[in-house]
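I have placed the structure first, in the form of structure tokens, so that the comments after it can refer back to it.
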Amino acid sequence: MFHTPIVPRTRKRSRPAEASAPRRERVKFEDVRLYLVERKMGRSRRSFLTELARSKGFIVEDVLSDVVTHVVSEDSQASSLWAWLKGGPVKNLPVMHVLDISWFTDSMREGKPVAVETRHLIQVCPSVQTDTLAASPEATTPTPVSTVSQYACQRRTTTKNNNKIFTDAFEVLAESHELNDMEGPCLAFRRAASVLKSLPWTVQNLRVTEDLPCLGEHSMCVIEEILQHGHSFEVEKILSDERYQILKLFTSVFGVGPKTAEKWYRRGLRSFSDVLAEPGIRLNRMQQSGFLHYGDISRAVSKAEAQALGNIIDEAVRAITPDAILTLTGGFRRGKDFGHDVDFIVTTPQLGKEERLLTSVIDRLKQQGILLYCEYQASTFDESKLPSHRFEAMDHFAKCFLILRLEDSQVEGGLQTAEEDRRGWRAVRVDLVSPPVDRYAFTLLGWSGSRQFERDLRRFARMERRMLLDNHALYDKTKKEFLAATTEKDIFAHLGLEYIEPWQRNA
2 MFHTPIVPRT
12 RKRSRPAEAS
22 APRRERVKFE
32 DVRLYLVERK
42 MGRSRRSFLT
52 ELARSKGFIV
62 EDVLSDVVTH
72 VVSEDSQASS
82 LWAWLKGGPV
92 KNLPVMHVLD
102 ISWFTDSMRE
112 GKPVAVETRH
122 LIQVCPSVQT
132 DTLAASPEAT
142 TPTPVSTVSQ
152 YACQRRTTTK
162 NNNKIFTDAF
172 EVLAESHELN
182 DMEGPCLAFR
192 RAASVLKSLP
202 WTVQNLRVTE
212 DLPCLGEHSM
222 CVIEEILQHG
232 HSFEVEKILS
242 DERYQILKLF
252 TSVFGVGPKT
262 AEKWYRRGLR
272 SFSDVLAEPG
282 IRLNRMQQSG
292 FLHYGDISRA
302 VSKAEAQALG
312 NIIDEAVRAI
322 TPDAILTLTG
332 GFRRGKDFGH
342 DVDFIVTTPQ
352 LGKEERLLTS
362 VIDRLKQQGI
372 LLYCEYQAST
382 FDESKLPSHR
392 FEAMDHFAKC
402 FLILRLEDSQ
412 VEGGLQTAEE
422 DRRGWRAVRV
432 DLVSPPVDRY
442 AFTLLGWSGS
452 RQFERDLRRF
462 ARMERRMLLD
472 NHALYDKTKK
482 EFLAATTEKD
492 IFAHLGLEYI
502 EPWQRNA
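To get my numbering, take the position in the sequence shown, counting from 1, and add 1.
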């Protein structure tokens, strides 16, 4: 079974009669109450944003109190923000959304409160819960740049991102290049973001970044611009670009990739309704399900929901094979509080017994009436074709991509749903992969992520050790032999690397 922290259930709050509601005649969203944090934002900008929000029908509270539902901040220092919030008078902080300014910007653009996604959240940092961590010298003393490796597999990510304002900018630039099918610049910005995420100190001047790896001229210019102006003009231009916004919207649909999104955009389509009304477009089954359940599967999944799904899959698997091995992977294994789907590895201790396991699990989920969508891919794994000399994004093991119905009663603390949602259930994406047990360690390492960590781990193996690593095997080109592994630690040891815990791999 899975033992994960419980995310408090969002509960309805009655609105006190004395709570202020500026310009009530223009209020459109009664259940959303904003509070804009003046820290870092400044009084004049806060005043401007307050009037902007109110003009669009939002309630903006002048004082932070328990009636607030959404706290919005431009403070990139999560630890200091949370310390300030926890020192305040509010008691309902655990059920409030504490959000980056990007949520506010997205909502203003849409003219309504957008769904809260993982990227919007300013996560609570463990460091704000202990005074000793806050005073730790490691939190303020820059690490000598000579100790920062170019490989993410030789860096441990910290519990908080000290350089979020820079890494967020790099992620936008990377995503923009990815949507334009420009792999080189995309990887360059992702590597730059990965390096800054690993720093236990905040970049406060350009000088301290000069000898850091993976920071090219373009990245340095972005950092300098942010240090001087508090934001990147290039990033703001991208975020306001119609094509970027539309491609990002289309690719948020399950089953829609950048190439499909680009085709739709070139046909003049600008919204979901345009796509669904276009007679010349034939959606595949995955895309049809993506649109059908968009409201649910575009919303973040909580740890409590992931735990509940783990219990469902565990029960189904053990009804078929009592000694089965089931492991939660992906972002939740790396300690994330939220994700967009839930990934599991399922296999059996007996080699070969796993071959029909997934199809049996699928049949059982159908019988339970909770299978909303399924795409099953049979195994194409062929040991005789190893090692693979080219990188492949997907492995060749049997896998299935599911959408499951999750009931409110199955989740400890309840589902993370909007207050107006009365269904009592939500749809959640679940991916299952079933490798042979002798490939379990390689699959676990690959499916745990993060994507940048895995990419750098394979690059390190190839460039520094003359080895080939993927989700199937580790091959030593010098010795011309495969290296066996039953645990992730075995793989790290073969590569001559210190073992890095999953929650330190958020590169």
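For every residue, glycine included, the Cβ atom is placed at its ideal position computed from N, Cα and C.
Given a cut-off of 8 Å, decide if residue 401 and residue 445 are closer than it, judged by their beta-carbon atoms.
no
Could you tell me if residue 351 is buried or exposed, where buried requires 16 or more neighbouring beta carbons within 10 angstroms of its beta carbon?
exposed
Tell me which same chain residues have a C-beta within less than 6 Å of the C-beta of residue 449, skipping the five on either side of it?
330, 334 and 503
Inspect the beta-carbon positions of residue 302 and residue 429 and report whether they are closer than 8 Å.
yes
Have a look at 337, 336 and 361 and flag the residue whose alpha-carbon is nearest the alpha-carbon of residue 347.
361
Below 8 Å on the Cβ atoms is my guess for residue 50 versus residue 65; work out the distance and round it to an integer in Å.
With 8 Å as the limit, residue 50 and residue 65 do not qualify as a contact, their Cβ atoms being about 15 Å apart.
Ordered along the chain, which non-local residues of its own chain (more than five positions away) have a Cβ less than 8 Å from that of residue 296?
116
Rounded straight-line distance, which links the Cα of residue 163 to that of residue 289:
40 Å
Which class does residue 215 belong to by DSSP, given the choice of helix, strand or coil?
coil
Of the listed residues 453, 391, 496 and 466, nearest to residue 506 (C-alpha basis)
453
Please report how far the alpha carbon of residue 300 lies from the alpha carbon of residue 405, in whole angstroms.
14 Å
What's the gap between the Cα of residue 495 and the Cα of residue 389?
18 Å
So the beta strand (DSSP E) residue 365 belongs to, where does it begin and stop?
Here residue 365 belongs to no beta strand (DSSP E); instead the alpha helix (DSSP H) covers 358–368.
In chain order, which continuous runs of the beta strand (DSSP E) of length 3 or greater are located wholly inside the stretch 418–486?
426–435, 468–470 and 475–477
Ranges of the alpha helix (DSSP H) found wholly within the stretch 166–222, counting only runs of at least 4:
184–198
Which residue from 215, 310, 56 and 273 puts its Cα closest to that of residue 29?
56
On the DSSP bridge list, what partners appear for residue 72?
36 and 99
What is the rounded straight-line gap between the Cα of residue 414 and the Cα of residue 247?
35 Å
If we call anything under 8 Å between Cβ atoms a contact, is residue 305 one with residue 412?
yes
Residue nearest to residue 355 in terms of C-alpha spacing, selected from 326, 480 and 442
326
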